[in-house]
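Report on the structure given below.
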Amino acid sequence: MKMILLGPPGAGKGTQAEILGRRLGIPVISTGNMLRAAVKSLTPVGLKAKSYMDAGELVPDEVIIEMTNERLGEPDCAGGYILDGMPRTLAQARALEETGVEFDVALSIEITDAEIAARMTGRRSCPDCGAVYHVESNPPKSAGVCDECGSELVTRGDDKPETVKNRLAVYHRETEPLKEFYRERGKLKTADNVPGVEAVTAVILRTLGI
Ligand code: AMP
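If you use my numbering, the sequence shown corresponds to residues 272 to 481, in order.
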């Protein structure tokens with residue numbers, strides 16, 4: 272299964288990608304997590320990406336395309352993968368297509384801007400392994416501590432309300448047109464957001480027919 276997850280920031284792509292990845296036994300390739308790791312370890316990609324990320328802007332296509340192509344060439348991707356957060360522009364989608372990769376599905380999580388704004392304030396993320404929680408709808412077992420690796424959870428800098436507003440504007444302008452791109456190719460499926468992480472997973476599994 273080669274799947275693309277689409278949807279605005281805060282739609283739950285990261286959370287659902289992890290659940291689906293475990294269920295299907297395939298890796299999740301999250302460009303956001305890869306970039307955050309690169310920023311943390313001060314790699315050349317990280318140094319280039321940081322100012323864009325802090326402002327809620329997109330990192331330049333060529334950086335993302337090179338980073339993703341490298342990652343998809345690794346052996347664990349041979350049996351399929353879930354792409355979370357890439358492509359985010361038509362140029363990225365075309366670049367993926369040019370590599371000859373055939374995707375099975377582009378799944379879009381549908382959620383309104385108002386729902387996003389409300390949920391982003393409660394989001395907590397693990398700076399070490401990238402796991403994502405929500406103080407109300409998906410809390411960790413122990414408050415403020417990552418279930419997966421025990422690190423202290425943080426509010427991401429780009430989850431601040433002003434930055435979220437910009438990220439949503441960028442989503443509508445740059446990423447939403449990808450739905451049409453994949454619809455034209457017969458690959459688009461949509462899953463409506465519903466309350467609760469498990470309920471969303473159930474909607475997605477039904478949509479995918481698995
Ligand atoms: P995410 O964790 O997917 O919300 O990504 C966090 C930030 O990383 C985004 O707001 C962008 O600045 C950057 N980013 C992640 N993926 C991409 C991408 N495919 N293209 C451009 N920028 C990206």
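Glycine included, every Cβ here is placed at the ideal spot set by N, Cα and C.
Could you tell me the distance, in whole angstroms, from the CA atom of residue i to the CA atom of residue j?
i: residue 389; j: residue 337; result: 34 Å
i: residue 374; j: residue 318; result: 31 Å
i: residue 287; j: residue 306; result: 19 Å
i: residue 380; j: residue 281; result: 10 Å
i: residue 293; j: residue 479; result: 16 Å
i: residue 459; j: residue 376; result: 6 Å
i: residue 476; j: residue 457; result: 18 Å
In chain order, what residues of the same chain lie with their CB nearer than 7 Å to the CB of residue i, ignoring the 5 residues before and after it?
i: residue 359; result: 329, 445 and 446
i: residue 347; result: 298
Take residue i and list the residues in its own chain whose beta-carbon comes closer than 6 Å to its own, dropping the five residues that flank it on each side.
i: residue 351; result: 272, 273 and 297
i: residue 339; result: 357
i: residue 385; result: none
i: residue 430; result: 391 and 394
For the beta strand (DSSP E) containing residue i, name the first residue and the last one.
i: residue 395; result: 394–396
i: residue 403; result: 403–405
i: residue 268; result: No answer is possible for residue 268: the residues shown for the chain start at 272 and end at 481.
i: residue 463; result: 459–463
Sorted by chain position, which residues of the same chain lie with C-beta nearer than 8 Å to residue i's C-beta, five sequence neighbours on each side aside?
i: residue 494; result: Any answer about residue 494 is impossible in this case: the structure gives the chain only from 272 up to 481.
Going by other Cβ atoms of all chains shown within 10 Å of its Cβ, with 16 needed for buried, is residue i buried or exposed?
i: residue 276; result: buried
i: residue 463; result: exposed
i: residue 372; result: exposed
i: residue 414; result: exposed
i: residue 471; result: buried
i: residue 396; result: buried
Are there any heavy atoms of the ligand NAD lying less than 7 Å away from the beta-carbon of residue i, as far as the coordinates show?
i: residue 352; result: Absence of the ligand NAD from the depicted structure is noted, with the ligand AMP being the only ligands included.
What are the boundary residues of the alpha helix (DSSP H) that residue i is part of?
i: residue 372; result: Per DSSP, residue 372 belongs to no alpha helix (DSSP H) and is neither H nor E.
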